[in-house]
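Below: the structure, in structure tokens.
There are 2 protein chains.
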Amino acid sequence: MASRRPVSPRKTPSQARSRELVDVLLKATARVLLREGYEGCTTNRVAEVAGVSIGSLYQYFPNKESLVVRVMERHQEKLRAVMAAHLEALHGATLAAAVKVLVQALLEALRVEPKLHRVFREQVPRIGALKALHDQNAAYEPLVTAWLEAHQDQVKVVDRAAATWVLIGAVDGVVARVLVDRPTWLEEARLGLELERLIVSYLTA
Amino acid sequence: MASRRPVSPRKTPSQARSRELVDVLLKATARVLLREGYEGCTTNRVAEVAGVSIGSLYQYFPNKESLVVRVMERHQEKLRAVMAAHLEALHGATLAAAVKVLVQALLEALRVEPKLHRVFREQVPRIGALKALHDQNAAYEPLVTAWLEAHQDQVKVVDRAAATWVLIGAVDGVVARVLVDRPTWLEEARLGLELERLIVSYLTA
DNA sequence: GTCGAACGTGAGCAAATACTCGCGTCGAAG
DNA sequence: CTTCGACGCGAGTATTTGCTCACGTTCGAC
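Next up, the structure:
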């Protein structure tokens, strides 16, 4: 292998054809990730699947990691968009209603590309620039804490910081398990109901 | 790299010195995993750290994956042993008491080698023979379901199968989050209390 | 039409890495 | 003491893979 981690800056696509090329490359990366896994996702293979020269790939992406980072970022932006569309309904909602909204928003977001989401979780290592992307949902910490504070009259919580991590961890864990072991449950109402019960009962018991 | 996935069977250590060699290799693997991560855990590096010839390594381990598999198996055996030591106290316990026992058993097990545990979770890919080891806690499914059935008089659960996955996922998720973002909490009582509340309130709400 | 810049190409390099093989050493059974 | 198999060694091989570079092509401004 050549020198590890080339830092050399790459071109930014300016003309239409090169912007399309970048798009084709990212789609190919996702495709390869799905079919061959992270280890099989080599730069040469991505270029081949994209029907693009390996040299062109390296004009816009400095290394393999940056490819996967961009694909994950794109995916997470989609998730955020789907969730954001639901969060309007939060204003002035009771605790139970708010939880329902949040859970439904989360589940609908996960239905966007569950297979790809699973590959990210199972195979993409939590290393370097990729690590930050995995910890994305840890970024919700202040939001959850604030939300708990806003509903403090309806919530029985001793330690708000601890409750925040427990909530995030628990929901994230259930989602991960379902994604891997019972993916079809994403389409069923039961999962949402159980998640709501998990959250509400923990907060109000 | 040589031919992928050599299936050739390896020697089983019979004399004392070779059994020690295998032990040294496994300890070195754990050490390298901790310090250099999974990607940096090459067979050559493991042999070097172990102070052992690369050839000797390949006499007892057919490939890199088998090394990591053995290290994870060893670790999981330790966890099981720690947990098993606590599970005597389960007989005839009430639901709340049983949950307390289970949570404490789990937390004590996690305190064995949390750093290593974290590396397994964060970096070891869920691929091939390693995948099964990651899904270890999914193996608790029938036990949890049976346990729910045994306490059905104290538990308000609609769908026992769904509840099982929610429980396993939630606990696993909280543990993962704590291990990564708040490792010091493993030593504090608060975490156990919150976990108990999460489980008990979900089951009895 | 012309010219310079952006774009696209793919053969091929350099480093890394999983793994083998031939040879020397040690241990223990007789 | 001899012998034989288990043990241990590490230089070396086959292959992969991330990445570069010299060259040809297309685009768009003038």
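Heads up: the sequence lines are chains A and B, in that order.
Its first residue numbered 1, the first sequence is counted upward by one per residue in this note's numbering.
Its first residue numbered 1001, the second sequence is counted upward by one per residue in this note's numbering.
Beta carbons: idealized from backbone N, C-alpha and C, even for Gly.
As the structure is a computational prediction, the values presented were derived from the model and not from experiment.
A straight line joining the alpha-carbon of His75 (chain A) with that of Arg118 (chain A) spans about 12 Å.
DSSP places Asp159 (chain A) outside both helix and strand once states are collapsed to three, so it counts as coil. When secondary structure is reduced to three states using DSSP, Val1112 (chain B) falls in the coil class, being assigned neither helix nor strand.
Taking a cut-off of 8 Å on C-beta distances, the stretch 1180-1197 of chain B touches the stretch 1113-1131 of chain B, as three or more cross pairs fall below it.
Residues of the same chain with a CB within less than 8 Å of the CB of Ala138 (chain A), apart from the 5 flanking positions on each side, are Ile168 in chain order. For Lys1011 (chain B), no alpha helix (DSSP H) encloses it, and the DSSP letter there is neither H nor E.
For secondary structure counted as the beta strand (DSSP E) over 3 or more consecutive residues, the stretch 1019-1069 of chain B holds no complete run. A residue is called buried once 16 or more other Cβ atoms fall within 10 Å of its Cβ, and Glu77 (chain A), having fewer, is exposed. Near chain A, meaning a CB-to-CB distance below 8 Å, the residues of the stretch 1019-1049 of chain B are Gly1037, Tyr1038, Glu1039.
Note on Ala1146 (chain B): under 16 other CB atoms within 10 angstroms of its CB, so exposed under the neighbour-count rule. Excluding the 5 residues flanking it on each side, Lys100 (chain A) has same chain C-beta neighbours closer than 7 Å at Glu196, in chain order. The straight-line gap separating the alpha-carbon atoms of Ser1201 (chain B) and Leu90 (chain A) is approximately 25 Å.
Here DSSP, grouped into helix, strand and coil, assigns Gly1173 (chain B) to helix.
Here the stretch 80-96 of chain A makes no contact with the stretch 65-72 of chain A; the two share fewer than three CB pairs at distances below 8 Å. Look at Glu1149 (chain B) here: in three-state DSSP terms it is helix. Separation of Arg1035 (chain B) and Ala1028 (chain B) (C-alpha to C-alpha, rounded to the nearest whole angstrom) is 10 Å.
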